[in-house]
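To convert, count from 1 in the sequence shown and add 157; that's our numbering. Here the structure is laid out as structure tokens; the discussion comes afterwards.
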Amino acid sequence: MGSWRVDGKGTPGILLVSLEGSFTESEMEAFVSAHNAAINAFDGADYRVFCDIRALFPLSPEAAAQFTLAKSYSAGRRNFRGSAVWVASSIIAMQHQRTSAAGRVLDTERISEEEAVCWAHLSKVDRGR
């Protein structure tokens, strides 16, 4: 069973998301819904995404497809500036890179095993308007 957290209010201009465990397609659909609602709550204000997936297990093809939809949602927003992904496993990093490429966010994303590297990236990334 997978669990997730979405917080768009704790840090101004940052959407904090974390996912851990093993996700079914329906669990990932619930995450995507919450993710998209949090983005809508920015109401056009610029935002960046910090994603902690250090405890995430490899995704099934169905769950990965849903995760890609969340990334595509961000990619389609004019106020999306970029993302950083904190990982602990090279396997998860590779899967995440594939979903990021399919979701059209890879050009503004940094995937790292170091939290400080992720935050440094978010402090300077700014997808052109």
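Virtual Cβ for every residue (Gly too), placed ideally from N, Cα, C. Just so we're clear, the structure is a prediction, and the values are computed from it rather than from any experiment.
Practice problem: State the Cα-Cα distance for the pair E177 and G233, rounded to the nearest angstrom. | Solution: The residue you call residue 177 lines up with position 20 of the sequence shown. The residue you call residue 233 lines up with position 76 of the sequence shown. Computed Cα separation, rounded: 26 Å.
Exercise. Report the partner residues of S160 according to the DSSP bridge assignment.
Key: Translated into the one-based positions of the sequence shown, residue 160 becomes position 3. Its beta-bridge partners are E177.
Practice problem: Ignore the nearest five residues each way along the sequence and tell me which others in R286's own chain have a CB closer than 8 Å to its CB. | Solution: What you label residue 286 is simply residue 129 of the sequence shown in a count that begins at 1. Confidence in R286 is poor, its pLDDT being 46 and thus under 50, which makes the residue's placement unreliable; the coordinate value appears in the next sentence. The answer, listed in chain order, is R235.
Self-check item: Exposed unless 16 or more other CB atoms sit within 10 angstroms - verdict on S183
Solution: For the purposes of this step, residue 183 is taken as the residue at position 26 of the sequence shown. Classification of S183: exposed, given that the 10 Å Cβ count is below 16.
Practice problem: Report yes if the C-beta distance between S257 and K281 is below 8 Å; otherwise report no. | Solution: Residue 257 sits at position 100 when you count from the first residue of the sequence shown. Residue 281 sits at position 124 when you count from the first residue of the sequence shown. Their beta carbons are not under 8 Å apart, which means S257 does not touch K281 by this criterion.
Self-check item: Cβ shell of S190 (< 7 Å), same chain only, five flanking positions each side left out
Solution: By one-based count along the sequence shown, residue 190 stands at place 33. Cβ neighbours of S190 beyond the five flanking positions: none.
Quiz item: Under 7 Å from any heavy atom of the ligand ADP, does the C-beta of K228 make it?
Solution: Absence of the ligand ADP from the depicted structure is noted, as is the absence of any ligand whatsoever, leaving it without description.
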